[in-house]
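Undergrad: Residue numbers (my numbering): 1 to 103.
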Amino acid sequence: MSFPPTMELEADIRAALRTVIDPELGHNIVDLGLIYDIEIRRDGVVEVIMTTTTRFCPATGFIREAVEACVSAVPGVKEVSVELTYDPPWGAERMAPEIARRF
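1. Taking I21 as the reference, which of L9, A11 and L34 has the closest Cα?
2. Compare the beta carbon distance of V67 and V77 with 9 Å and say whether it is the shorter of the two.
3. Output the residue ranges of the alpha helix (DSSP H) runs that lie fully inside the segment 28-95 and measure 4 residues or longer, sorted by chain position.
4. Is L52 buried or exposed, if buried means 16 or more other CB atoms sit within 10 Å of its CB?
5. Measuring straight from C-alpha to C-alpha, what distance separates P5 and V80?
6. Can you give me the start and stop residues for the alpha helix (DSSP H) that I99 sits inside?
7. Leaving out the 5 sequence neighbours to the left and right, which residues in its chain are closer than 8 Å to R94 when beta-carbon positions are compared?
As structure tokens, this is what we get:
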């Protein structure tokens, strides 16, 4: 089986991640800057490195499950793991400019 080129697959994954809305801020997690990295292996295994707005965010479980579900549904993805990190800490400067202006 052949897999989509990495850049195309990453674009598809980012598009899927834009459907995950942070319930506290009401915007998608990509534009909020919560996705730090997407690592794609040739065998279709994807690791998403992300954060939440605060270390003990009550929506962490919900967001993590939504990330796993939406990335798993992208054609070419065989397996997904989500790693949470707080280094560097998230801040409003990570938001897309059009979102940051609203805060």
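For every residue, glycine included, the Cβ atom is placed at its ideal position computed from N, Cα and C.
Because the structure is a prediction, the values reported are computed rather than measured.
TA: Taking the structure as given:
1. L34
2. No. Outside cutoff.
3. 60-72
4. Just to set this straight, residue 52 is Thr in the shown sequence, not Leu. The residue in question, T52, is buried, as its Cβ has 16 or more Cβ neighbours within 10 Å.
5. 17 Å
6. P97 to A100
7. Around R94: L32, G33 and L34.
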